[in-house]
Each structure stands twice: as C-alpha cells, then as structure tokens.
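Report on one structure; see the data block that follows.
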C-alpha cells in the first residue's frame, strides 16, 4: 500500500475520482494552476504529492508548502499579528517579495487611505522528502488503476524525511 495520502490535493481514498484525468491535468487546487513540483528528469511531469504517512507510527505529514494554502486559512490565522490593523483597513496579500538574502513567500498588509499601516511576512515551510518519492507515487497510481509504466512501480527505492526536529522520531 502506498504511503502517499494525497495527490494533486485529493485524498487517495476519496470516491468517484477520475484519477487518470487528475494525473493528466496536473492541477494544484491550492495554487489554482499546474503543480510546480516537477520531476527533475522530466520537468513536464508534475509529481503532485501533497502529504504522506511516514515513520513507525505512520504519521501523516504535509510535504508540500502549497498544501497549507487550503481555504487561505493560514492568512486568516495571521490577522492577529497585524497589531495596528483597524476595522475598515484594506487587507492585501503580496506574494514572492524579494528582500536581501532571498524571498518572502507572502506579506499580509493592512492599508488605510493608500498608506501601509502594518504588515507581516509569512513563510510557508513543510518537511521535505529525501531520496525519491516517484516510485511511491507510481505505486499509488497502480493501486488507483491508473495506467503507468509497470517498471516504475516495481522500484524498491524509498523516500525519507529531511528532518532534524527532535519531536520527529521515525
């Protein structure tokens, strides 16, 4: 049984899903466009894995930061960080802002009369896999009766988690 829980934003045990169409469309419901997690060897193919189970306790883990954009809840949860925001101020969401040293994923900005009153930077982080998730993905597709190259699901290569967190014991 595949360790992938979610593919292109759809739980693997969800009923009445045309998985062939899901895989062909490569659509990410959280980005509202094609999934940007692609195979290095074939960048025209989106991987689409959002979450997996891992470890002795089969812990569900989100591995794609875009998965955290569901219903835009993360931004609502950050509203309290705008300490000088007042009712009636406009709220703006600005993505991929370059700053010295890199980019910030999002800024939630409170604006009144065209002036910034407060802002908070929001960086989305999830655990990442090591090794390759591809054979696990292909095993899931085989379980879901999606036509694939059978050799790709037979690989025993596995993935691990790139995690140094003390709470995460596998």
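Residue numbers (this note's numbering): 240 to 409.
Every residue gets a Cβ at the ideal spot worked out from N, C-alpha and C, and that includes glycine.
Straight-line measurement puts the Cα of residue 341 at about 10 angstroms from the Cα of residue 335. The residue among 321, 270, 249, 363 with its C-alpha nearest the C-alpha of residue 347 is 321. Residues 385, 386 of the same chain have their beta carbon placed closer than 8 angstroms to that of residue 259, with the five preceding and five following residues left out of the count.
Of 289, 343, 264, the smallest CA-CA separation from residue 283 is found for 264.
Remark: fewer than three beta-carbon pairs, one from each stretch, lie closer than 8 angstroms, so the region 308 to 327 and the region 291 to 298 are not flagged as touching. The C-alpha of residue 359 lies about 8 angstroms from the C-alpha of residue 317. With respect to the C-alpha of residue 280, the residue from 395, 373, 397 having the closest C-alpha is 373.
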